[in-house]
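Here it is, written out as structure tokens:
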């Protein structure tokens, strides 16, 4: 009997990957399980996402900080690489901390885990609504604020931050709310 | 940003899962395997922090050789029952 590793394309996970997270196979990540540690991780992720988003306003920030060209390139490049890498690592740790429940398909979860996952998606939907509303308001009133002038700024970091937020929000909600994972 | 953490106060369902499981000498993992759930769900059930569906309640009762009405109740069980 072949033991195929089923791929759940819609959720973007594999059967073996989810099962290894749900069991204690990854015992070296036990330090991520306590709610206090998970909440710290969520706070760091939120900070990281905001930092990535702020990359879009770097030209304006740089002008306000009055940096030389050389210093600007170094600070900008190193910070961008570090922050994006940190957010990516944070996202992976976040998934591990909640045992991958936020991304798992129904057939790999029991009824309580399904309920917990669906509740986290509901709160994530509300949270992303507030985030998108905030971004739209920023786009509307940004030109009136000297700090956020659209000329010379690059919107790609905002897009990256929003995509990361969409994908990680259910796990962030799960990691924050649940006492025992 | 803190989201409101209110939980819907469901009607509590009392159970004797831990008592019967201990009497039978079954671990949470063993009971979880028999009932087809994660072992932490058994913990939630025993702490009465989660109310099972009818299907799960029936599976648990079968696994513990009990009737559903002997295992679950809407009123607290008398001690020693």
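Protein chains in written order, with the UniProt record's numbering: chain A, 1 to 181; chain B, 1 to 81. Beta carbons are placed, not taken as given, at the ideal position from N, Cα and C, and that holds for glycine.
Member of the options whose CA lies at the smallest distance from the CA of residue i
i                      : options                   : result
residue 237 of chain A : A:97, A:121, A:85, A:159  : There is simply no residue 237 of chain A to check, as chain A begins at 1 and stops at 181 in what is shown.
residue 95 of chain A  : A:5, A:162, A:135, A:11   : A:11
residue 159 of chain A : A:140, A:30, A:136, A:174 : A:136
residue 66 of chain B  : B:24, B:40, B:37, B:13    : B:24
residue 29 of chain A  : A:113, A:92, A:102        : A:92
residue 123 of chain A : A:76, A:166, A:108        : A:166
residue 7 of chain A   : A:174, A:105, A:99, A:126 : A:105
residue 120 of chain A : A:75, A:161, A:80, A:103  : A:103
residue 40 of chain B  : A:138, A:131, A:109       : A:109
residue 161 of chain A : A:41, A:50, A:5           : A:50
residue 173 of chain A : A:20, A:16, A:42, A:22    : A:42
8 Å contact criterion, which residue i and residue j should meet: CB distance rounded
i                      : j                      : result
residue 56 of chain A  : residue 155 of chain A : 5 Å
residue 52 of chain A  : residue 87 of chain A  : 6 Å
residue 101 of chain A : residue 112 of chain A : Residue 101 of chain A to residue 112 of chain A, Cβ: 10 Å. No contact.
residue 38 of chain A  : residue 127 of chain A : Contact doesn't hold; Cβ gap of about 16 Å is too wide.
residue 58 of chain B  : residue 37 of chain B  : Actually they are not in contact, since the Cβ atoms of residue 58 of chain B and residue 37 of chain B sit about 13 Å apart, beyond 8 Å.
Counterpart residues of residue i in DSSP-defined beta bridges
i                     : result
residue 14 of chain B : B:73
residue 13 of chain A : A:8
Near the ligand MN: residue i beta-carbon under 8 Å from a heavy atom
i                     : result
residue 16 of chain B : Because no ligand of any kind appears in the structure shown, any question about the ligand MN cannot be addressed here.
Fill in: Length at least 4, wholly inside the stretch 76 to 144 of chain A: the alpha helix (DSSP H) runs in chain order
111 to 141
Worksheet item: Looking at C-beta atoms only, is the number of pairs between the stretch 12 to 29 of chain B and the stretch 45 to 65 of chain B that lie closer than 8 Å three or more?
Response: yes
Practice prompt. Only counting runs of 4 or more residues, tell me where the alpha helix (DSSP H) segments fall wholly within the stretch 154 to 178 of chain A, in order along the chain.
Written response: 156 to 177
Worksheet entry | Secondary structure, beta strand (DSSP E): runs of 3+ residues fully inside the UniProt domain "HTH cro/C1-type" (17 to 71) of chain B | none
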